[in-house]
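>
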Amino acid sequence: MEQGQGGAMNPPEPPVIPPPLPPPVRRRPSIVLKVLIIGALILLLHIPIYLEHDVLTERQRYQRQAVGEITGIWGGSQLVIGPVLAVPYAFKTQVVRSRVVNGRAVQVEETDFAAATAHFLPETLAVEGKVDPEVRHRGIYDAVVYSTKLSLTGHLLPDFVAAGIDADRIDWEKAYVLFGVSDLRGVRSVAPFQVAGGKASPFEPADSATGGFLPLFARIDTAAAGVRLEFAFETTLQGSERLQIAPVGKTTNVKISSTWADPSFCGAYLPASRVVAPDGFRAEWQTAHFSRGFPQSWTSRLTNQQEMSQKINAASFGVTFAQPMDGYRLVERAEKYALLILVLVFAVFFLFEITAALPIHPFQYGLVGAALCLFFLGFLSLTEFWATGRAYGAAAAVCTVLVSLYAWSFLRTGRRTLIIAGGLGATYGYLYFVLQSQDYALVAGTIALFAVLALVMFCTRRINWYDLELSRAANAEPAK
Numbered sequence: 004m005e006q007g008q009g010g011a012m013n014p015p016e017p018p019v020i021p022p023p024l025p026p027p028v029r030r031r032p033s034i035v036l037k038v039l040i041i042g043a044l045i046l047l048l049h050i051p052i053y054l055e056h057d058v059l060t061e062r063q064r065y066q067r068q069a070v071g072e073i074t075g076i077w078g079g080s081q082l083v084i085g086p087v088l089a090v091p092y093a094f095k096t097q098v099v100r101s102r103v104v105n106g107r108a109v110q111v112e113e114t115d116f117a118a119a120t121a122h123f124l125p126e127t128l129a130v131e132g133k134v135d136p137e138v139r140h141r142g143i144y145d146a147v148v149y150s151t152k153l154s155l156t157g158h159l160l161p162d163f164v165a166a167g168i169d170a171d172r173i174d175w176e177k178a179y180v181l182f183g184v185s186d187l188r189g190v191r192s193v194a195p196f197q198v199a200g201g202k203a204s205p206f207e208p209a210d211s212a213t214g215g216f217l218p219l220f221a222r223i224d225t226a227a228a229g230v231r232l233e234f235a236f237e238t239t240l241q242g243s244e245r246l247q248i249a250p251v252g253k254t255t256n257v258k259i260s261s262t263w264a265d266p267s268f269c270g271a272y273l274p275a276s277r278v279v280a281p282d283g284f285r286a287e288w289q290t291a292h293f294s295r296g297f298p299q300s301w302t303s304r305l306t307n308q309q310e311m312s313q314k315i316n317a318a319s320f321g322v323t324f325a326q327p328m329d330g331y332r333l334v335e336r337a338e339k340y341a342l343l344i345l346v347l348v349f350a351v352f353f354l355f356e357i358t359a360a361l362p363i364h365p366f367q368y369g370l371v372g373a374a375l376c377l378f379f380l381g382f383l384s385l386t387e388f389w390a391t392g393r394a395y396g397a398a399a400a401v402c403t404v405l406v407s408l409y410a411w412s413f414l415r416t417g418r419r420t421l422i423i424a425g426g427l428g429a430t431y432g433y434l435y436f437v438l439q440s441q442d443y444a445l446v447a448g449t450i451a452l453f454a455v456l457a458l459v460m461f462c463t464r465r466i467n468w469y470d471l472e473l474s475r476a477a478n479a480e481p482a483k
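In our numbering, the protein residues as written are 4 to 483.
Structure below.
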């Protein structure tokens, strides 16, 4: 304490009180930073989508295993080939042998005969049959199986001159007919093979001595051996998923009818005529030998049997008895649109955040994204028990309600919540239309993208993004 003039003491100076600190401000991230955060969230949300795809792959494996167990007992996809006439013959060949001439070993070229087999396809082949399909179950999985009785008629006209075979070297005593069915487990019966004027001969399992490139063979009655061999026989088969016929006739006519309402025609040729109705279908194929890719006759001497078999298989045609809609396949296609759904929904929330000054935390974006990802898992699980449309609708409804109720808690108005609910519901509805219209999926998806882009451009046409960025920095909110 200091003394002033006259001995009086001066009063103490009051302490200096610093000015109060400004309240802390809550910095809102810039628009660019927020967009980057949302983009990073979308990328992170692909992790659960990939995990869900692994679950889908596993369920598909279980389905294939269950279907394989059914078809392994009943019979697999069937491919019918034949009949093919096989005639053994002998041909001249030059061989070099060692001979002793004047006490010396010399190599001498001599003429000898070797054995080969000539194969001739039918001049005409007509196949007619009625297929009776049914659905078999193993656990929660289904498999389409069928039984059919096929009638095969036509005639064989072997041309040995065109094949370059000496008629004197033909061994009709050992001639036989080959007939092929791809899965012998499904063969219930094959009627004996009989040509006009000859005796019936039963089919037996073929081996290497009888050609071997088709699994069944039947001997030909030598009394009927001649220029024209007319045949007619039947076979009863069981199979699954697909029935195909090889066009081995110079002219081939195939007529197939069935009670299956959703056929899928497959192979190298489409039906010349077909009628598909709710109570089944009828289809007729007519083919000629010009475009099938293999000749009317060949010999084992000059042609590889395996290559010929592959060419015949490649020219086959028929029908697939597919399920109307495979739920797993639809889920797999829907997963490809996951990125689009996430971007659309997050874009709507971001526009609300910009236009209405609503702060939405990245954690809230993440929870909404998690709900959107769970849609695919829900769709996958429900499609194993319900029809595809019903399962899709239930999963979409649950996801829409969940996201809408959560969004209502921070969007603050019912109008904005209704926009979210309506937009998400419309997105799921349009996606289902795209999934159902597989042939028009690309054009439908492109139209939707243009429409969404036009809507975003319209809603943001009056926003000055530079001023908005500056105002967000200047109007930082005080922390409460």
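C-beta: ideal position from N, C-alpha, C; glycine also.
Computed from a prediction, not measured in an experiment: that's the story for all the values here.
Under the three-state reduction of DSSP, which class applies to Ile20: helix, strand or coil?
Numbered from 1 along the sequence shown, position 17 holds the residue referred to as residue 20. If DSSP states are grouped into helix, strand and coil, Ile20 belongs with coil.
> Tell me the rounded alpha-carbon separation between Lys133 and His49.
Against the sequence shown, residue 133 aligns to sequence position 130. Against the sequence shown, residue 49 aligns to sequence position 46. Spanning the two alpha carbons is a distance of roughly 49 Å.
> From the DSSP secondary-structure annotation, give me the bridge partner or partners of Val190.
Here residue 190 refers to the residue found at position 187 when the sequence shown is read from its first residue. Looking at the DSSP assignment, Val190 forms a beta bridge with Leu240.
> Would you mind sorting Gly425 into buried or exposed? The rule is 16 or more other CB atoms within 10 Å of its CB.
Here residue 425 is taken as the residue at index 422 of the sequence shown, counted from 1. Classification for Gly425: exposed.
> Am I right that Phe220 and Glu233 are in contact with their C-beta atoms under 8 Å? What's the rounded C-beta distance?
Against the sequence shown, residue 220 aligns to sequence position 217. Against the sequence shown, residue 233 aligns to sequence position 230. About 19 Å; that fails the 8 Å criterion.
> Could you pull out every unbroken beta strand (DSSP E) segment of at least 3 residues lying fully inside the region 241–291, listed in chain order?
245–248, 254–261, 266–270, 276–280, 283–291
> Report, in whole angstroms, the separation of the C-beta atoms of Pro91 and Asp174, which I expect to be a contact under 8 Å.
Along the sequence shown, one-based indexing puts residue 91 at 88. Along the sequence shown, one-based indexing puts residue 174 at 171. Correct: roughly 4 Å between the Cβ atoms.
> On the criterion of 16 or more Cβ atoms from any shown chain inside 10 Å, does Gly75 qualify as buried, or is it exposed?
Position 72 of the sequence shown, counted from the first residue, corresponds to residue 75. Under this definition Gly75 is an exposed residue.
> In or out: Val28 buried (at least 16 other Cβ within 10 Å) or exposed?
Looking up residue 28 in the sequence shown gives position 25. Confidence is the limiting factor: at Val28 the pLDDT is only 49, short of 50, which leaves the residue's position unreliable, though a coordinate-based value still follows. The residue in question, Val28, is exposed, as its Cβ has fewer than 16 Cβ neighbours within 10 Å.
> Check whether the region 243–263 touches the region 149–159, counting contact only when three or more Cβ pairs, one atom from each stretch, lie closer than 8 Å.
Because the criterion of three Cβ pairs below 8 Å is met, the region 243–263 and the region 149–159 touch.
> Helix, strand or coil: which one does DSSP assign to Glu335?
Counting from 1 along the sequence shown, the entry for residue 335 is found at position 332. DSSP places Glu335 in helix when its eight states are reduced to three.
> For a test of the three-state rule: what should DSSP assign to Glu61, helix, strand or coil?
For the purposes of this step, residue 61 is identified with residue 58 of the sequence shown, where counting begins at 1. Looking at Glu61 - three-state DSSP - the assignment turns out to be helix.
> Classify Glu176: buried if its beta carbon has 16 or more other beta carbons within 10 angstroms, exposed otherwise.
Start at 1 with the first residue of the sequence shown, and residue 176 comes out as number 173. The residue is exposed, with fewer than 16 neighbouring Cβ atoms inside 10 Å.
> Label Arg464 either buried or exposed according to how many other C-beta atoms from any shown protein chain fall within 10 Å of its C-beta, with 16 as the threshold for buried.
Within the sequence shown, numbered from 1, the residue matching residue 464 stands at position 461. Exposed is the call here.
> Any idea if Ser407 is buried or exposed, counting beta-carbon neighbours within 10 angstroms, 16 or more meaning buried?
Here residue 407 refers to the residue found at position 404 of the sequence shown. Answer is buried; the Cβ neighbour count reaches 16.
> When the Cβ atoms of the region 336–344 are set against those of the region 371–384, are three or more pairs found closer than 8 Å?
yes
> Do you know how far the Cα of Glu287 is from the Cα of Ser440?
As a working note, residue 440 is residue 437 in the sequence shown. As a working note, residue 287 is residue 284 in the sequence shown. Roughly 27 Å separates the two Cα atoms.
> Restricting to Cα atoms, I'd like to know which of Ala43, Thr416, Leu217, Val371 is closest to Val404.
Along the sequence shown, read from residue 1 onward, the residue named residue 404 stands at position 401. It is Val371 whose Cα lies nearest to the Cα of Val404.
> Run through DSSP, which three-state label would Lys202 get?
As a position in the sequence shown, residue 202 is number 199, starting the count at 1. Of the three classes helix, strand and coil, the one that applies to Lys202 here is coil, per DSSP.
> Sort Thr255, Asp169, Phe284 by Cα distance to Trp263 and report the nearest one.
Taking the sequence shown and counting its residues from 1, the one referred to as residue 263 is at position 260. Looking at the Cα atoms, Phe284 is the closest of the given residues.
> Straight-line CA distance for Tyr435 to Ile344?
Residue numbering aside, residue 435 sits at position 432 when the sequence shown is read from its first letter. Residue numbering aside, residue 344 sits at position 341 when the sequence shown is read from its first letter. Rounded to whole angstroms, the separation of the alpha carbons of Ile344 and Tyr435 is 13 Å.
> If you draw a straight line from the C-alpha of Leu128 to the C-alpha of Ser276, how long is it?
In the sequence shown, the residue the question calls residue 128 occupies position 125. In the sequence shown, the residue the question calls residue 276 occupies position 273. Straight-line Cα distance between these residues: approximately 18 Å.
> Using DSSP with H/G/I as helix, E/B as strand and the rest coil, what is Pro298?
As a first step, residue 298 is located in the sequence shown; it is residue number 295 there, counting from the start. Here Pro298 sits in coil by DSSP.
> So, for Leu82: in the same chain, excluding its five sequence neighbours on each side, which residues have a beta-carbon less than 6 Å away from its beta-carbon?
On the sequence shown, position 79 is the one that residue 82 refers to. Excluding the 5 residues flanking it on each side, Leu82 has same chain C-beta neighbours closer than 6 Å at Ser185, Gln247, Ser319, in chain order.
> Classify Leu181: buried if its beta carbon has 16 or more other beta carbons within 10 angstroms, exposed otherwise.
Taking the first residue of the sequence shown as 1, we reach residue 181 at position 178. Flag for Leu181 reads buried.
> Should Ile41 and Ala341 be called a contact, given that it needs their Cβ atoms to be closer than 8 Å?
Counted from its first residue, the sequence shown places residue 41 at position 38. Counted from its first residue, the sequence shown places residue 341 at position 338. Note that the C-beta distance between Ile41 and Ala341 is not below 8 Å.
> When burial is assigned at 16 or more other CB atoms within 10 Å of the CB, is Arg62 buried or exposed?
Within the sequence shown, numbered from 1, the residue matching residue 62 stands at position 59. Classification for Arg62: buried.
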